[in-house]
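Okay, so here's the structure we're looking at.
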Amino acid sequence: GDSVTQMEGPVTLSEEAFLTINCTYTATGYPSLFWYVQYPGEGLQLLLKATKADDKGSNKGFEATYRKETTSFHLEKGSVQVSDSAVYFCALAELAGSYQLTFGKGTKLSVIP
Amino acid sequence: GAGVSQSPSNKVTEKGKDVELRCDPISGHTALYWYRQSLGQGLEFLIYFQGNSAPDKSGLPSDRFSAERTGGSVSTLTIQRTQQEDSAVYLCASSPGQGVNGELFFGEGSRLTVL
Chain A
1 GDSVTQMEGP VTLSEEAFLT INCTYTATGY PSLFWYVQYP GEGLQLLLKA TKADDKGSNK
61 GFEATYRKET TSFHLEKGSV QVSDSAVYFC ALAELAGSYQ LTFGKGTKLS VIP
Chain B
114 GAGVSQSPSN KVTEKGKDVE LRCDPISGHT ALYWYRQSLG QGLEFLIYFQ GNSAPDKSGL
174 PSDRFSAERT GGSVSTLTIQ RTQQEDSAVY LCASSPGQGV NGELFFGEGS RLTVL
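Sequences listed follow chains A and B, in order. All residue numbers for the first sequence refer to my numbering, where the first residue is 1 and numbers rise by one. All residue numbers for the second sequence refer to my numbering, where the first residue is 114 and numbers rise by one.
Encoded structure:
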């Protein structure tokens, strides 16, 4: 079945450091890929997405590129801020129009001043 | 309301009791989802509603779990005879259409603790 594997946390970085959170996936088809973020005390919200190979999703300074050859969708940000402290979830949807998202376990990021 | 609303936000119950968790989706959203988030685990899909019907109930962990949606709006997840392994955060999400190629809007979750 489908699965998403993301790097174990927690991750602690100093402000302005470079961030990478690795995500790889297993899927039988050609999935759409997502990053969701959960800020403290809030619900999950969509951060970015990509629907086909070599697409780059971007939002709030975060980027992730859909790499079909390595089945990866790593999340990056060049300079993190304290306000980026949150839990980040990688997810996939197997089919266009599919109603089911398969999530990774989440990676908790803490950014210290 | 402005977002997905879930209640209660926290529930502590004794083993063997029944609990009901409520989700009020964003107005006009036809699709509604329930997920479960256990400690150290990812989000586990439970059930999906399109309107009032649930095309896929296969994610429900056991027959102690049931869910309904009325009027194409509010949904209730019921857990009967709760067990300690049911302790988790139960998340509800809604979306405007059938597919997840758009965005799912999540509530803050209901944290269930079974003693």
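Beta carbons: idealized from backbone N, C-alpha and C, even for Gly.
Against residue i, what residues of chain A qualify as contacts under a CB-to-CB distance less than 7 Å, listed in chain order?
| i | result |
| --- | --- |
| A144 (chain B) | Y99 |
| L225 (chain B) | Result: empty, since nearest Cβ-Cβ is about 16 Å, beyond 7 Å. |
| E216 (chain B) | L46 |
| V117 (chain B) | G43 |
Residue i versus chain A: which residues are under 9 Å apart at the beta carbon?
| i | result |
| --- | --- |
| E221 (chain B) | G41, E42 and G43 |
| L159 (chain B) | Chain A residues near L159 (chain B): none, gap ~10 Å exceeds 9 Å. |
Determine the contact status of residue i and residue j, defining contact as a CB-CB distance below 8 Å.
| i | j | result |
| --- | --- | --- |
| Q150 (chain B) | V202 (chain B) | yes |
| T71 (chain A) | Y36 (chain A) | no |
| S207 (chain B) | P138 (chain B) | yes |
| F73 (chain A) | C90 (chain A) | yes |
| Y66 (chain A) | I21 (chain A) | no |
| A44 (chain A) | S58 (chain A) | The residue asked about is misnamed: residue 44 (chain A) is Leu in this sequence, not Ala. No, they are not a contact pair. |
| L92 (chain A) | V11 (chain A) | no |
| E94 (chain A) | A50 (chain A) | no |
| G116 (chain B) | F218 (chain B) | yes |
| Y161 (chain B) | Y99 (chain A) | yes |
| T126 (chain B) | V227 (chain B) | yes |
| E76 (chain A) | L13 (chain A) | no |
| T191 (chain B) | A180 (chain B) | yes |
| G41 (chain A) | T107 (chain A) | no |
| E16 (chain A) | V82 (chain A) | no |
What does DSSP give as the partner residue(s) for residue i in the beta ladder?
| i | result |
| --- | --- |
| V125 (chain B) | B:T226 |
| R177 (chain B) | According to DSSP, R177 (chain B) bridges with nothing at all. |
| Q150 (chain B) | B:L156 and B:V202 |
| A144 (chain B) | B:Q163 and B:S208 |
| Q45 (chain A) | A:V37 |
| I112 (chain A) | A:S14 |
| I21 (chain A) | A:L75 |
| S158 (chain A) | An answer regarding residue 158 (chain A) cannot be provided, because it is not within the stretch 1 to 113 covered by chain A. |
| S120 (chain B) | B:R135 |
| S3 (chain A) | A:T26 |
| A115 (chain B) | According to DSSP, A115 (chain B) bridges with nothing at all. |
Please compile the residues from chain B whose C-beta is within a distance smaller than 8 Å of the C-beta of residue i.
| i | result |
| --- | --- |
| K105 (chain A) | G153, Q154 and G155 |
| T89 (chain A) | Looking at the sequence itself, residue 89 (chain A) is Phe, so the reference to Thr does not match. The answer, in chain order, is G155 and L156. |
Does any C-beta atom of chain E lie closer than 8 Å to the C-beta of residue i?
| i | result |
| --- | --- |
| L46 (chain A) | In the displayed structure, chain E is absent; the protein chains listed are A and B. |
Can you tell me the Cβ-Cβ gap for residue i and residue j, rounded? I've got them flagged as a contact below 8 Å.
| i | j | result |
| --- | --- | --- |
| Q119 (chain B) | G185 (chain B) | At roughly 18 Å, the Cβ-Cβ gap does not stay under 8 Å, so Q119 (chain B) and G185 (chain B) are not in contact. |
| R182 (chain B) | S188 (chain B) | 4 Å |
| L173 (chain B) | S200 (chain B) | Between S200 (chain B) and L173 (chain B) the Cβ distance is about 17 Å, and since that is not below 8 Å, they are no contact. |
| E216 (chain B) | L33 (chain A) | Not really, about 14 Å apart at Cβ, beyond 8 Å. |
| V111 (chain A) | S85 (chain A) | 5 Å |
| Q197 (chain B) | K130 (chain B) | Between K130 (chain B) and Q197 (chain B) the Cβ distance is about 12 Å, and since that is not below 8 Å, they are no contact. |
Is residue i near the ligand GDP, going by C-beta to nearest heavy atom under 7 Å?
| i | result |
| --- | --- |
| I21 (chain A) | Summarising the ligand content, the structure contains no ligands, and the ligand GDP is consequently not present. |
- Go through the segment 179-212 of chain B residue by residue and report every complete run of the beta strand (DSSP E) that reaches 3 residues or more, in order. 188-192 and 201-208
- Query: Going along the chain, which unbroken runs of the beta strand (DSSP E) with 3 or more residues stay wholly within the segment 50-77 of chain A?
  - Reply: The segment 50-77 of chain A contains these whole beta strand (DSSP E) runs: 56-59, 62-65 and 75-77.
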